[in-house]
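Notes follow the structure.
In this note's numbering, the protein residues as written are 3 to 303.
This is the structure we're talking about:
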């Protein structure tokens with residue numbers, strides 16, 4: 003059975019706390035695992051969360067601030083130490099190539115895995131797999147930063163009662179899906195459109211067009227909410243979002259499940275993010291993330 007869920011490895015922003023590790027998020031998407039923004043301590047958080055190096059097929063780094071990338075060195079070495087049997091692809095801003103090189107070769111180790119470097123330098127598609135297209139959009143932060151989005155191709159949902167009414171059964175169902183018509187019955191007569199699922203990952207950014215483009219129509223949006231609304235001026239100065247701004251993006255974009263994360267150590271009351279997100283008009287499912295949380299991607303409508 004395919005599994006689509008977010009495993010939260012860390013939720014702190016610049017400074018980790020007693021209860022929050024630096025960033026780290028693994029998205030399980032069917033048979034693949036995509037690791038986003040491995041900050042310092044990610045390798046240990048993986049152990050605590052039951053995530054293995056073998057689970058990682060792709061690494062996506064939004065930008066090269068330490069809380070989003072210092073864990074790369076340990077994760078890459080662990081992938082090689084464990085001799086992960088499949089290739090791994092790494093995406094990151096091309097402008098940070100020197101940082102990626104330093105982290106990849108921070109210390110001596112034996113390379114045993116095919117790690118492909120696929121840097122990002124423009125908006126648009128990055129990779130196409132059978133179950134998703136991976137896209138990137140530029141965000142607004144003091145250093146170059148990109149958000150990521152997975153879009154599953156649309157498909158068809160077969161309707162058993164219509165199949166039975168038209169006498170389509172057994173191998174003919176597969177033929178109909180492949181060929182579009184069987185015994186005069188068309189695919190449209192016995193199925194309905196199935197919209198593909200969509201997931202977006204938006205880290206350090208001010209309000210910008212890229213954040214809205216990534217969030218548009220998503221089943222799940224993971225987004226930073228570093229500051230509370232009363233500190234909006236600080237958020238603007240340092241290139242971040244408040245809880246209300248992040249929720250506003252989700253509300254305007256039709257997001258079904260909003261996951262807020264990347265919290266400043268200056269705050270001690272997690273409930274404040276939920277209150278401000280609701281006050282901003284977001285009415286969908288809402289999660290204020292904490293370390294080691296697992297969040298299922300919403301089922302299709």
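Every residue gets a Cβ at the ideal spot worked out from N, C-alpha and C, and that includes glycine.
Three-state secondary structure (DSSP) at residue i?
i: residue 205; result: coil
i: residue 195; result: strand
i: residue 17; result: coil
i: residue 262; result: strand
i: residue 44; result: helix
i: residue 170; result: coil
i: residue 229; result: strand
i: residue 131; result: strand
i: residue 70; result: helix
i: residue 212; result: helix
i: residue 176; result: helix
i: residue 136; result: strand
i: residue 149; result: strand
i: residue 3; result: Summary for residue 3: the model assigns pLDDT 45, below 50, so the residue's position carries little reliability; its value from the coordinates is reported in the next sentence. Residue 3 falls in the coil class under three-state DSSP.
i: residue 252; result: helix
i: residue 238; result: helix
i: residue 119; result: strand
i: residue 274; result: helix
i: residue 92; result: strand
i: residue 246; result: helix
i: residue 126; result: strand
i: residue 141; result: coil
i: residue 282; result: coil
i: residue 52; result: coil
i: residue 75; result: helix
i: residue 97; result: helix
i: residue 82; result: helix
i: residue 164; result: helix
i: residue 110; result: coil
Have a look at the DSSP bridge pairing and note the partners of residue i.
i: residue 36; result: 29, 60
i: residue 288; result: 260
i: residue 9; result: 28, 296
i: residue 105; result: Looking at the DSSP assignment, residue 105 forms no beta bridge with any residue, so it has no partner.
i: residue 187; result: 184
i: residue 224; result: 203, 261
i: residue 158; result: 195
Who are the Cβ neighbours of residue i in its own chain at under 8 angstroms, not counting the five residues just before and after it?
i: residue 19; result: 267
i: residue 158; result: 179, 189, 193, 194, 195, 196
Please indicate yes or no: does the CB of residue i lie closer than 7 angstroms to some heavy atom of the ligand GTP?
i: residue 250; result: Summarising the ligand content, the structure contains no ligands, and the ligand GTP is consequently not present.
Assuming residue i and residue j are in contact, meaning their beta carbons sit under 8 angstroms apart, how far apart are those beta carbons, in whole angstroms?
i: residue 138; j: residue 125; result: 6 angstroms
i: residue 77; j: residue 118; result: About 15 angstroms; that fails the 8 angstroms criterion.
i: residue 115; j: residue 85; result: 7 angstroms
i: residue 198; j: residue 154; result: 3 angstroms
i: residue 71; j: residue 101; result: 7 angstroms
i: residue 8; j: residue 23; result: 15 angstroms between Cβ atoms; not a contact.
i: residue 112; j: residue 82; result: 7 angstroms
i: residue 73; j: residue 52; result: Their Cβ separation, rounded to whole angstroms, is 17 angstroms, which puts residue 73 and residue 52 out of contact at 8 angstroms.
i: residue 229; j: residue 223; result: Not a contact, Cβ separation roughly 18 angstroms.
i: residue 145; j: residue 168; result: With a Cβ gap of about 58 angstroms, residue 145 and residue 168 do not count as contacting.
i: residue 87; j: residue 148; result: Actually they are not in contact, since the Cβ atoms of residue 87 and residue 148 sit about 29 angstroms apart, beyond 8 angstroms.
i: residue 200; j: residue 221; result: 6 angstroms
i: residue 243; j: residue 227; result: 6 angstroms
i: residue 303; j: residue 286; result: Rounded, the Cβ-Cβ distance is 12 angstroms, inconsistent with contact.
Less than 7 angstroms between C-beta atoms, sequence neighbours within five positions excluded: which residues of the same chain meet that for residue i?
i: residue 184; result: 170, 174, 177, 178
i: residue 128; result: 93, 120, 122, 136, 137, 138
i: residue 276; result: 288, 290
i: residue 133; result: 31, 32, 154
i: residue 241; result: 142, 143, 144, 206, 207, 208
i: residue 272; result: 290
Ignore the nearest five residues each way along the sequence and tell me which others in residue i's own chain have a CB closer than 6 angstroms to its CB.
i: residue 151; result: 137, 202, 216
i: residue 298; result: 7
i: residue 225; result: 204, 248
i: residue 75; result: 105, 108
i: residue 263; result: 13, 291
Is the region 236-252 in contact with the region 275-291, if contact means three or more CB pairs nearer than 8 angstroms?
-> The region 236-252 is in contact with the region 275-291.
Between the region 52-64 and the region 202-217, do at least 3 Cβ pairs fall closer than 8 angstroms?
-> Yes, the region 52-64 is in contact with the region 202-217.
Between the region 162-178 and the region 187-207, do at least 3 Cβ pairs fall closer than 8 angstroms?
-> The region 162-178 vs the region 187-207: in contact.
Are the region 97-111 and the region 39-59 in contact at 8 angstroms, needing three or more beta carbon pairs?
-> No, because fewer than three Cβ pairs between the region 97-111 and the region 39-59 fall closer than 8 angstroms, the two stretches do not touch.
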